[in-house]
Each structure stands twice: as structure tokens, then as C-alpha cells.
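In what follows, a structure is listed as C-alpha cells, so that the remarks can point back to it.
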Amino acid sequence: MKKVNISTLISFIFLLCMTLIWIFPLAWSLFTSFKDEIDIQTFGFTMLPIHWVIANYQDVLFNNTSAPVAKWFMNSMIISVTQTILVLVVVSMAAYGYTRLRFKGRDWLFSFLLATMMFPAVVNLIPLYKIVDTLGWVNSYWAAIVPGAAAVFNVFLVRQFMIGIPIELDESARIDGANDFQIYTKVTLPLIKPVLTVVALFTFTSSWNDFLWPSIVFNDIDKMPITPGLQLLQGMYVTDIGHAMAAAIIAIVPTFILYLFTQRYFLQSMSLSSGVKG
Amino acid sequence: MIFIGPHLLLFALFFLIPIFFGVYISFTNWDLVNTPEFVGLDNYKDILLNKESTFYTQLHTGLGNTFKFVAFTVPACIVIPLLLAAALHVKPKGMKIFQAIFYLPVLFSISAVMIIWSMMFNVSFGPINHYFTSSPNWLGTQPYAWIALVVVTVWWGIGGNMIIYQAALNGVSKEYYEAASLDGAGRLQKFFHITLPSIKNQLLFTIVITTIAQFNIYGQALMLTKGGPSSSTTVLLMYIQQNAFGSGQSIAGIASAMAVILGLCIMAVSVIQFFLLRERK
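In order, the protein sequence lines correspond to chains L and D. The letter at position 260 of the first sequence is residue 426 when you use the working numbering, and the numbering goes up by one with no holes. The letter at position 87 of the second sequence is residue 1297 when you use the working numbering, and the numbering goes up by one with no holes.
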């Protein structure tokens, strides 16, 4: 019994120290976003603000036309929500096709898709820009929304889940006279809700956090999402720490709130994806 | 066909075609605007062999720094989450909260995280120099710039691996440990002879995906150290981006050749991942 207690104690102390390291940058940046810029310059490092102010937030949100954070935030919202919906529709339909419909070369086609996941995305960056440019999508939301829906991994994840659902349910619906589309909407979609939730959460966060691609396809400051926007902002607020921190906090709030309410899904999905893959 | 059609179309247009096009233009003198002209292996000769060329220097510096980054961060991104998972495995008080906090940074965008950390390392106002007695210029001198990049990367990205290890540890049968205890095995012996072999698959999987992820290093070096001091942390993706999309005329052909070389490095690792994935299918 005693031995167990010692290892629990050691673990607890180790975790506590690590947690402090993990929390410190977040806590400090949150507090700093409420500090008066003059106090920061005068007093140097302090943990808590000497005077609590919300001026930093007001300034970065509404008073800077060369870094319009409020506008960027809305752009990101529109892009991330639209992409999530698009991915859910496209991916669930494809997964239905690869598990429930019988056509020649189906499994061969799917294996081919899986094999292409080996191709490194870095090679398609430059041509992708050209394609998006040809479509007239540079500086438009579509550039950030549509290409991401081409990913194979989500189809793989949903397909794995659907394989586990007994096909008898489809068959009994078919006997009742349902066609493929009705089976897909009435039978399949309700059953695959758990895996679709996971796909939705991951699509939203990765869309929100995407950095390299949107920084290439957006150069119009008013159209930009917030993640590449912050890089421009970093150059403008080199010495205004409070302002920079306020912008960073605004950018992380949506995914943080999402995580608060859906933590269970995020953690489950990690072990889910390693379960199928590892 | 109506069901798989939309995905196949998107897949072809935004993934498959660009990949092949990307390889093709690495053999051309493309500038993103005019029709690409086939130049054979000239781009590769230039970046791989022509010591006089700026692009030769770029490739060697960029790829070298990318490899360094992989070598520095991958071990840390395996060992630290493994230790955390092992500590969480004994289920101490507050385990759920600890777990949630270590996972949290994964959900934040790289640009927000880099803004926060570049201020953390700030020489005059940053908390790090406040607590250390010596005050190095973290982001502007070596080896501090590399240390900063590794610290930030570990802080940002270990959550996923930690969760995978937690699930793996839960799957190890308790009977093995009991049998080993009867044989008088110590704690470390148990760890190396039972725990590690039992979670071998997950370890391999995380090493592969972490390596692939770190090869794509871009944001940290761009926003934290800005490639410096004197190009010592400029990674290949930064040169690729500059050459293709930077100010001035685009040299997309050269940039594509660089991307293909980086892609081949990543692909060597991905092949292992593909076989892991197939095994479980």
C-alpha cells in the first residue's frame, strides 16, 4: 500500500510542476492584455496588472484599420463554419458510398485514396495557388473553405466507423421501400453522429488555426482570417505588449470555449484515431 | 456515384492534380504567370550542385535547419508526453484537470502562440528573463534561439501524443506487472521490459506523425526567431514561400524543386505510416 502512495505523490508533484509551466504563459498573457501600456513600460515585468484596463481590447478590435481584428474574427467565423458544414456533407456522403454502395473497383479506389495520403502536401502548395487563382478565388473566402474538403483522412475515419454499423438496418429500410438517399439521410446519418461530431470539431479548429495557406491566398487586409492576420499585427505592435496580447487572447477564445464544452470528444477522438492507425 | 462524386472531384482538383503539377513545374522555369517552359534538371542542378548559386545556399541552409529542428524537437515531443502520460496513469488527484491543461495549447493557432511566446522571451519585459539571473537575448543569439524554438514547440504540441500514450497505457494488461512483481522486477525493469514493448505500436505511430509534422516547420521560425540570428533558424519552407510568393518576381520553378526535395524527405517517413495504417485496416 505504501509503495502506491509514494508513486502517486511523485506523479502528483511532477504533474503540478509541469502544469505551472503550461499555465504560466496563458495566465501571464491574459493578465497582460488588461495592463495599461504605460505601466508595462514603466514597471517592467509584473504578473498582475497595476491598473486594470480594457483599452487594449477596444483598440485592437475597433481602432486599427491596418489590423482590423474584429473583421478578421468574423472572416474566420464564416470560413470555419462553412468549411465544417461542407466537410460534413461531402465526407459523410463519400463514406456512405465506400461502405454501402456496390460498384466495380470500389475497394481498389479507396486503397488508392489511402495511398495518396503519403504524398506530402508541401509539393501541391504552389500549383494549388495557381488553381485557386484561376478560379478567381484569391482574396475570397472560397480559397480557405473549399480545398480543405479534399482531405482523405476524414473519409477514412467515418468509413471505419460505418463499417461497424450492421448493414441489416439498411436492408430493412430498403425492404420498406427506401432508396439510397433516404437510407443515407434517415438511417445512416443519425447513427454516425458521434464520429461526425469529432470530424466537425477537428475541421473547425484546424480551419480556424490554419496559417500558411491563408497567408498565401489572402493579401487584402479586410478579407483575411485572424490566424494569418496576427502575423501582420505582430509587426505593428512590437513594443505594445498589452495590445499584442489582447489580440492573441481574442484569437484563442473560440477554440478554448469549444474545448470547454466538448472536451470529452476531443480526448476520445485522439485515442480513436490512434486506435485505427497505430 | 452521386455519393462519392463530390469528394472525388474535390480530391482530384485540389489534391491529386496539384501534386503532379507541382512535380512537373519543378522541371520548368515557371514564374506563376507565364506558360512554364521545360528546363529539365536545371533547377535541381542549380540548388543541389551549383555552389555559386544563392538557391544552393538557401537549400542547404534551409534543409539543414529543418533537419536540426526535427532532430531537436521529435525526441522531446515523444519523451515528455510519455512521462506525463505515465504520471497521469497512476490517477493522482486532479488528473482530469492536468490532462485538460496539457492538451489545451494544441487547440491554439500558431500565430497566437508565437505572439505570446515572443513576449515571454522579450529581453526587457518578458517574465523569463525576470526569473533568470542572466539575461540572454533569447531570440537573437544562439544557442538560445534554438532552445526557445524547442521549448515553444513542446509546449504547443505534445497534447495529442500524451492522449495516445494514456490510451496505450490503459491497454497494458495488469497481469504482466503482477507476474513481474512476483519475479522481483523493479520499477525501471518493468517500464523497459513490459511497458515499452506493450505500447510499441503507438510509440512508432507517434514518432512517425510527429516527424512528419515537424518537417513542416514554418510558423515558429517565421514568427519567433524570424529565421535568425543570421539565417541560423531559417527553415526550408520559409525559402519556398519567399521564392514562390515573396515580393519581386516569382521563381516558382526553383521553389517547386525545393518543395519536391522537402517532400521526398517527408515521404520517406510517410511510407512507414502507410504500412502502419494498412496493418490496422
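Cβ atoms here follow ideal geometry from the backbone N, Cα and C, with glycine treated the same way.
(message) Please list the terminal residues of the continuous alpha helix (DSSP H) segment that includes R268 (chain L).
(response) Taking the first residue of the first sequence as position 1, residue 268 (chain L) is located at position 102. Segment: none, R268 (chain L) is in no alpha helix (DSSP H) and carries neither H nor E.
(request) Please look up how many angstroms separate the CB atoms of F1335 (chain D) and F211 (chain L), rounded, as I've assumed it's under 8 angstroms. (result) Position 125 of the second sequence, counting from 1, holds the residue named residue 1335 (chain D). Position 45 of the first sequence, counting from 1, holds the residue named residue 211 (chain L). About 6 angstroms separates the Cβ atoms of F1335 (chain D) and F211 (chain L), confirming a contact at the 8 angstroms cut-off.
(request) Pick out the complete alpha helix (DSSP H) segments inside the segment 1379 to 1457 of chain D, 4 residues or longer, and give them in chain order. (result) 1384 to 1392, 1397 to 1400, 1410 to 1425 and 1446 to 1455
(request) Anything in the segment 1224 to 1237 of chain D with a Cβ closer than 9 angstroms to a Cβ of chain L? List those residues in chain order, please. (result) F1224, F1225, L1226, I1227, P1228, I1229, F1230, F1231, G1232, V1233, Y1234, I1235 and S1236
(message) Considering Cα atoms alone, identify which of L:N385, L:L182, L:I187 and L:S232 is closest to A310 (chain L).
(response) Indexing the first sequence from 1 puts residue 310 (chain L) at position 144. Nearest C-alpha to A310 (chain L): L:N385.
(message) Would you say F1403 (chain D) lies against chain L (beta-carbon separation less than 9 angstroms)?
(response) Counting from 1 along the second sequence, the entry for residue 1403 (chain D) is found at position 193. Before going further, note that residue 1403 (chain D) is His rather than Phe in the sequence given. Chain L contact via Cβ: absent.
(request) Return the residue from the list D:L1406, D:L1486 and D:Q1459 that minimises the CA-CA distance to V1243 (chain D). (result) Against the second sequence, residue 1243 (chain D) aligns to sequence position 33. Residue D:Q1459 is the option with its Cα nearest to V1243 (chain D).
(message) Only counting the same chain, and skipping five residues up and downstream in sequence, which positions put a Cβ closer than 7 angstroms to that of A1295 (chain D)?
(response) The sequence position of residue 1295 (chain D) within the second sequence is 85, counting from 1. These residues qualify, in order along the chain: M1372, Y1375, Q1376 and L1379.
(request) Compute the Euclidean distance between the alpha carbons of S338 (chain L) and I387 (chain L), then round it to the nearest angstrom. (result) Locating residue 338 (chain L) in the first sequence gives position 172, counting from the first residue. Locating residue 387 (chain L) in the first sequence gives position 221, counting from the first residue. The alpha-carbon atoms of S338 (chain L) and I387 (chain L) are separated by roughly 55 angstroms.
(message) Output needed for W1366 (chain D): all residues of its chain with C-beta closer than 6 angstroms, excluding positions within five of it in sequence on either side, in chain order.
(response) In the second sequence, residue 1366 (chain D) corresponds to position 156, counting from 1. Cβ neighbours of W1366 (chain D) beyond the five flanking positions: P1315 and V1323.
(request) For I1257 (chain D), count neighbouring C-beta atoms within 10 Å of its own C-beta (all shown protein chains included) and say buried if the count is 16 or more, exposed if not. (result) Within the second sequence, residue 1257 (chain D) is the residue found at index 47, counting from 1. So I1257 (chain D) counts as buried.
(request) Mind listing the chain D neighbours of M402 (chain L)? Cutoff is C-beta to C-beta under 9 angstroms, in chain order. (result) Sequence index remark: in the first sequence, residue 402 (chain L) carries index 236 (1-based). Ordered by position in chain D, no residue passes the 9 angstroms Cβ test against M402 (chain L), which lies about 11 angstroms from the chain.
(message) DSSP three-state label for F1248 (chain D), please.
(response) As a position in the second sequence, residue 1248 (chain D) is number 38, starting the count at 1. The answer is strand: DSSP assigns F1248 (chain D) an E or B state.
(request) Take T145 (chain L) and list the residues in its own chain whose beta-carbon comes closer than 7 angstroms to its own, dropping the five residues that flank it on each side. (result) Since the first residue shown for chain L is 167 and the last is 444, residue 145 (chain L) is missing from the structure and cannot be characterised.
(request) Output yes if chain L places a C-beta closer than 9 angstroms to the C-beta of F1312 (chain D); else output no. (result) In the second sequence, counting from the first residue as 1, residue 1312 (chain D) sits at position 102. F1312 (chain D) has a beta carbon lying within less than 9 angstroms of a beta carbon in chain L.
(request) Note down the Cα distance separating A1286 (chain D) from I187 (chain L), rounded to an integer number of angstroms. (result) Residue 1286 (chain D) sits at position 76 when you count from the first residue of the second sequence. Residue 187 (chain L) sits at position 21 when you count from the first residue of the first sequence. Answer to the nearest angstrom: the Cα atoms are 15 angstroms apart.
(request) Starting from L294 (chain L), follow the alpha helix (DSSP H) in both directions and report where the run begins and ends. (result) Taking the first residue of the first sequence as 1, we reach residue 294 (chain L) at position 128. Start and end: L291 to T300.
(message) the ligand GTP and F278 (chain L): does any heavy atom of the ligand fall closer than 8 angstroms to the residue's C-beta?
(response) The model on display carries no ligand, and the ligand GTP is accordingly not part of it.
(message) Between which residues of its own chain and F1331 (chain D) is the CB-CB distance below 7 angstroms, once the five residues before and five after are set aside?
(response) Walking along the second sequence from the start, residue 1331 (chain D) turns up at place 121. Hits under 7 angstroms: I1338, W1348, L1349 and A1358.
(request) Helix, strand or coil for W218 (chain L), going by three-state DSSP, please let me know. (result) Taking the first sequence and counting its residues from 1, one reaches residue 218 (chain L) at position 52. Strand.
(request) Measure the Cβ-Cβ separation of A1467 (chain D) and D1241 (chain D) and say whether it is below 9 angstroms. (result) Indexing the second sequence from 1 puts residue 1467 (chain D) at position 257. Indexing the second sequence from 1 puts residue 1241 (chain D) at position 31. No.
(request) Drop a sphere of 10 angstroms on the beta-carbon of M240 (chain L), count the other beta-carbons inside from all chains shown, and report buried for 16 or more, exposed for fewer. (result) Taking the first sequence and counting its residues from 1, the one referred to as residue 240 (chain L) is at position 74. It is exposed - the Cβ of M240 (chain L) has fewer than 16 other Cβ atoms within 10 Å.
(message) Give me, in chain order, the residues of the same chain whose beta-carbon lies closer than 7 angstroms to that of Y403 (chain L); leave out the 5 immediate sequence neighbours on both sides.
(response) Counting from 1 along the first sequence, the entry for residue 403 (chain L) is found at position 237. Cβ within range, chain order: H409 and A410.
(message) Quick check on R1397 (chain D): buried or exposed, where buried means 16 or more other Cβ atoms within 10 Å of its Cβ?
(response) Translated into the one-based positions of the second sequence, residue 1397 (chain D) becomes position 187. It counts as exposed.
(message) Just verifying my parser: in three-state terms, what is the DSSP assignment at K389 (chain L)?
(response) Position 223 of the first sequence, counting from 1, holds the residue named residue 389 (chain L). It is coil, neither helix nor strand.
(request) Might you give, ordered along the chain, the residues of its own chain that have their beta carbon closer than 6 angstroms to the beta carbon of M283 (chain L), omitting 5 neighbours on each side? (result) Taking the first sequence and counting its residues from 1, the one referred to as residue 283 (chain L) is at position 117. Same-chain partners within the cutoff: V318.
(request) May I ask which residues mark the beginning and end of the alpha helix (DSSP H) holding G1215 (chain D)? (result) For this step, residue 1215 (chain D) is matched to residue 5 along the second sequence. Unbroken alpha helix (DSSP H) run through G1215 (chain D): G1215 to F1221.
(message) Taking 9 angstroms as the threshold (beta carbon to beta carbon), is V288 (chain L) in contact with chain D?
(response) The count along the first sequence starts at 1 and reaches residue 288 (chain L) at position 122. Output row for V288 (chain L): interface = yes.
(request) Identify whether K1303 (chain D) lies in helix, strand or coil by the three-state DSSP scheme. (result) By 1-based counting over the second sequence, the position of residue 1303 (chain D) is 93. Coil at K1303 (chain D), not helix or strand.
(request) Verify whether the separation of the beta carbon atoms of M1433 (chain D) and I1307 (chain D) is less than 9 angstroms. (result) On the second sequence, position 223 is the one that residue 1433 (chain D) refers to. On the second sequence, position 97 is the one that residue 1307 (chain D) refers to. Going by C-beta atoms, M1433 (chain D) is not nearer than 9 angstroms to I1307 (chain D).
(request) Examine chain D for any beta-carbon lying closer than 9 angstroms to the beta-carbon of M240 (chain L), and answer yes or no. (result) Stepping through the first sequence from its first residue, residue 240 (chain L) is reached at position 74. Chain D, which has no Cβ nearer than 9 angstroms to the Cβ of M240 (chain L), makes this no.
(request) Return no unless some Cβ of chain D is closer than 9 angstroms to the Cβ of D346 (chain L). (result) For the purposes of this step, residue 346 (chain L) is taken as the residue at position 180 of the first sequence. Answer yes: the Cβ-Cβ gap between D346 (chain L) and chain D drops below 9 angstroms somewhere.
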